[in-house]
Structures are given as C-alpha cells and as structure tokens.
Amino acid sequence: MAQDPNTRILHGDEPSRDGDPSAPPLELASFYVSQGPGDGVEYGYARSENRTWEALEGALGRLEDARVTSFASGMAAAQALLFAVTTEHPRVILPSDGYYGVRSLASALVGRGVEPVVVDQGDSDAVRAALEGGAGALWIETPTNPLLRVLDLQGLIDLARARGVATVVDNSTATAALQRPLDLGATASVVSLTKASSGHSDLVLGAVSTRDPELLASLRHWRHLAGPIPGPFEAWLALRGLRTLPVRIRHQSKSAERIAGWLRTHPKVSQVHYPGSREGEAERIERWMPEGAGPLLSFEVRGTSADADAVVARSRLIRPGTSFGGVESSWERRARWGAETAPPNLIRLSVGLEGFEDLIEDISTALG
Ligand SMILES: *Cc1c(COP(=O)(O)O)cnc(C)c1O
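Shown next, in the form of structure tokens:
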C-alpha cells in the first residue's frame, strides 16, 4: 500500500479490476433487496449504510489512518461526538476562541447530559484547572477561529491524556491534509466537510475520524438510530472535492500567507491574524502543519464596524458570505453574528484559488 496519505486518498487497498467504473458511483437507494437476516446480504436499510458514504469515508480514512463516520453536517457530527464523549462524564471543555456554533450547541444540550466549560486554551494553567474537575472530553480547535492562533496541540492532548480525558480536535480549518491530530494522540478529529475538505461551496456535510473502535461503534449506532445521515449525492460531491484537497489547500495556504504579509504593511489595517504571527507559533507550524497553515486569515480594519462593512461591500472579486475554504475567495465581518466573540472591525478572509495579483488588486480597491 502507498505510504503517502496524498496517494492513499486517491487509491484504496485493492488495485482496480477490469470492468470497475473509473470513478465511484452515486448510489441512490432507500433499501437494498434482501430476504432478511440469513441471506448473506450486508446491506439493508439506507439509514444504516450506503456505498457512496463508504467511498467518502474510505478516502478520508486513508488520509488520516482512521475509521470515519460521515454525517449530514459538521454540527450533526459535533452533536454525535458530544453525546458519545459525555456518556461517563458530562463536562466538555470547549475553546473560547473557536467556532461559536459548537459552544451554542453545547449550551443547548445543558440538561441533556452535556455540561460545557469554556476556557482559553492558549492558557495551559486554565486548561489544567478545568481538567482537575474531571471531564468527558477536552475539545480543541487549532488554528483557532477567527483569531487564527496556533495552540500547543501536543501539549493540550498530553494534558488531557495524562488525566484519562478524551481529546477531540476540530480540524475544519487545517483539514486532515495539513494537520493529523490522531497521530498526536487525539481520540477523534471532527471536520465540517462543508469547508475546505470538499472545497467547492456546494454542500453541507461533516465527519468524525477515530482509531478507537468503541467510539466508532457508538457514532455509527447514533447515526443509525437518530438518522443524521449524509445525502448520497452530497457524499458523492464531497468525495469528488476531497480528492483534490491536498493540492488545493497547499496552494490556498501559500496565497493566504502572502496576502497576510501584504496586509501587514497596509495603512488602513491595524492587525493581521495568520498562523505563525505570534510567539512560538512558527515552531508549532513546523512540527504539526509543515505543508501550510490553511486558507483562512483575518484582519482588523482601522475604524468602526461600519468601515469594515464598507470594505467587504466594495470588493468585486471576493464574495461576501459566511463559510470558508472554497475555491473562490470569500470574506465577512465576523462580529455581524451575535454569538461571535471577534472584534467588531475584524474581517475574516478565506483565500481561494484566484491569482494572487488579482486578489491583491481587489483587496486594495476594497480598502480604499
Ligand atoms: C462550519 C464549522 C462547523 C460546523 O459545520 P457545518 O458543516 O456548518 O454544520 C464546525 N466547526 C468549524 C470550525 C466550522 O468552521
């Protein structure tokens, strides 16, 4: 079997045989023809199994050396995982500088067996103190969103492991092509496939990867019972996008890094956030994300939130909108979302595959 994960994402363990289709088929079915238990048919009802999901899960699993369970959205994946890690202990330690949707979901599950505790995971004393009270899981996100800090991923995983606490890494920003949390000892990685992993802004899906057979069984059982399943068509599109992820995300990371450097010299910009800009981050990137730090950057416009809104509105190329990781660049003033903790003048930019000079010209015009 090929060693390079970027090769394995394209090729399964078995060589192709004469008569195989050249690309994974899209399987649309609500049930599989079968006489019932005992007839040897592995497939029964399509809330439990579908070969298009399996093709997607197989490719992502080969990238991460893990077993993957795909879900209807990143949040459906997060919910399944929140329930799975809180069966023995209700506390989940969540990041203060992370995707706000996960914090909101965990708050909505208070009283349903989930007790969220929010800490700044850049502060290892705070994390240590939170772990002292016991927890079902430490939920990590790095690079953080939207401030793009690079946390001490190995240090955080080790702190939790030493206390027998499971670790979850939200890897939606870097993706499995750039960062491999399971290799560092994380229990699970969760990803919104809606973002860079599928990369074409045409679907909503999510997935959880793990090497823990019990956790895998629990996730699959939940999906079968509650039904937050991926649509086969979305799974098929996500797989098509995933196959070019390594190439796309390296290119997007390079452009994002160059744009961050350019923005730092711009008189209308007061702060630029891109992984590597803070003390100690360069070394972490070198160790855990050597091939690039991802397509996301954020920057603070000098002035008010209205000035930042005007910048977003003036762009002709970069599309205003939430979400990120697509082949087309997009941006938004992040604090327009009520539950977001970003500074009011912060714009989060997702760098796509457009030419670098074209993007610079557009941003330059937009900044005025
Ligand atoms: C988008 C996102 C999610 C949620 O995923 P959906 O596919 O939108 O449900 C979770 N975590 C992060 C970091 C995200 O960016």
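Note that the numbering used here has the sequence shown beginning at 10, numbered continuously upward. Glycine included, each C-beta is placed from N, C-alpha and C at the ideal position.
If you measure between the beta carbons of residue i and residue j, is that distance less than 7 Å?
i	j	result
Val360	Pro304	yes
Asp318	Val310	no
Gln188	Trp297	yes
Glu150	Gly107	yes
Leu228	Ala89	yes
Ile18	Leu72	yes
Val336	Gly143	no
Ile258	Ala302	no
His233	Ser79	no
Leu191	Arg220	yes
Ala269	Leu306	yes
Val199	Ala86	yes
Ser338	Ile327	yes
Ala139	Val123	no
Arg343	Pro155	yes
Express the C-alpha separation of residue j and residue i in angstroms, rounding to a whole number.
i	j	result
Gly70	Thr16	12 Å
Pro299	Ser181	17 Å
Ser39	Asn59	9 Å
Gln44	Gln261	50 Å
Val178	Ile356	24 Å
Gly67	Arg76	8 Å
Arg121	Ser113	14 Å
Ser31	Tyr52	23 Å
Thr96	Gly312	47 Å
Ala135	Phe333	30 Å
Asp13	His20	11 Å
Asp22	Asp167	32 Å
Ser264	Arg273	14 Å
Val50	His230	19 Å
Pro24	Ala11	11 Å
Glu295	Gly250	27 Å
Glu292	Ser133	18 Å
Ala205	Gly47	42 Å
Ala226	Leu160	30 Å
Leu165	Asp74	21 Å
Gly83	Val256	23 Å
Within the same chain, show all residues whose beta-carbon is closer than 7 Å to that of residue i, passing over the 5 residues directly before and after it, in chain order.
i	result
Trp271	Ile369
Gln163	Leu193
Ser116	Pro125
Arg325	Asp371
Gln280	Phe308, Glu309
Gly236	Arg56
Thr353	It is Pro, not Thr, that sits at residue 353 in the sequence shown. Same-chain partners within the cutoff: Ser314, Ala344.
Of the choices the options, whose alpha-carbon is the least far from that of residue i?
i	options	result
Val278	Leu193, Gln44, Arg229, Phe308	Phe308
His275	Ile372, Ala87, Ala115	Ile372
Val126	Ala75, Leu147, Leu214, Leu224	Leu147
Tyr54	Thr196, Ile238, Thr203	Ile238
Ala93	Arg342, Glu292, Ala175, Arg343	Ala175
Leu362	Asn154, Leu254, Leu103	Leu254
Ala322	Ala375, Glu295, Asp367	Ala375
Ala171	Arg137, Lys204, Leu160, Asn154	Arg137
Gly215	Ala226, Leu224, Leu248	Leu248
Leu224	Asp27, Ser133, Leu91, Asn354	Leu91
Gly110	Val256, Ala235, Thr331	Thr331
Residues in its own chain within less than 8 Å of residue i by CB, not counting five upstream and five downstream?
i	result
Arg158	Asp106, Gly131, Thr151, Pro152, His282, Pro284, Arg287, Glu290
Leu246	Ser207, His209, Asp211, Leu212
Arg267	Phe365
Gly145	Val94, Thr95, Thr96, Glu97, His98, Pro99, Arg100, Val101, Val174, Ala175
Pro329	Val321, Ala322, Ser339, Trp340, Glu341
Glu349	Tyr109, Pro155, Arg343
Arg252	Ile18, Leu19, Ala68
With a 10 Å radius around its C-beta and 16 neighbouring C-beta atoms as the bar for buried, classify residue i as buried or exposed.
i	result
Val42	exposed
Leu37	exposed
Glu341	buried
Thr196	buried
Thr184	buried
Asp367	exposed
Pro222	exposed
Gly377	exposed
Asp27	exposed
Excluding sequence positions up to five away, which residues of its chain have a Cβ less than 6 Å from the Cβ of residue i?
i	result
Pro34	none
Gly347	none
Thr61	Leu35, Glu36, Pro241, Ala244, Trp245
Ala169	Leu147, Thr176
Pro104	Gln130, Glu150
Val119	none
Leu358	Leu306, Trp340
Any heavy atom of ligand 3 closer than 6 Å to the CB of residue i?
i	result
Asp179	With respect to ligand 3, the structure offers nothing, as its ligand set consists of ligand 1.
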